[in-house]
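Take any residue in the sequence shown, count from 1 to its spot, add 109: that is its number in the working numbering.
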Amino acid sequence: MTGAEIDTFTARLASFTDKGLRLEDAEALADKLVTRDREADDRRLCLECFHLSGQHGKTWDCRNWQRAGVALRAKDAQLSAALVFQLQRCDGFAPIQSKG
Ligand code: SF4
Numbered sequence: 110m111t112g113a114e115i116d117t118f119t120a121r122l123a124s125f126t127d128k129g130l131r132l133e134d135a136e137a138l139a140d141k142l143v144t145r146d147r148e149a150d151d152r153r154l155c156l157e158c159f160h161l162s163g164q165h166g167k168t169w170d171c172r173n174w175q176r177a178g179v180a181l182r183a184k185d186a187q188l189s190a191a192l193v194f195q196l197q198r199c200d201g202f203a204p205i206q207s208k209g
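This is the structure:
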């Protein structure tokens, strides 16, 4: 990895563990993102999205559920770990940095 890749990897690791991931899961995902970035793959993780909210056991909340099309009612807008850990394209995605 380049220096920039190591810095990004380290920041993602901290972000993912802050969101409640086990270290080994966070490392695997951060590593997957290194490959994604090198390949200019435009898919994203919910873990990179501003709209990902609180974790409840093995589910997370999506605050942009209507745009994302993940539920018909707010109370059903929970995301499974399988989805949160999956690279995907989502119409509701907004990078954490933009807060938009
Ligand atoms: S808006 Fe899309 S990418 Fe963002 S948390 Fe919801 S489902 Fe995930």
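Glycine included, C-beta positions come from ideal geometry on N, C-alpha and C.
Just so we're clear, the structure is a prediction, and the values are computed from it rather than from any experiment.
DSSP lists Arg153 as the bridge partner or partners of Gln197. Under the DSSP assignment, Gly112 falls outside any beta strand (DSSP E), being part of the alpha helix (DSSP H) whose first and last residues are 112-127. Sixteen is the threshold: since fewer than 16 other Cβ atoms of the shown chains lie within 10 Å of the Cβ of Arg152, the residue is exposed.
Here Leu132 carries a helix assignment [DSSP, helix/strand/coil].
In the three-state reduction of the DSSP assignment, Leu181 falls in the coil class, being assigned neither a helical nor a strand state.
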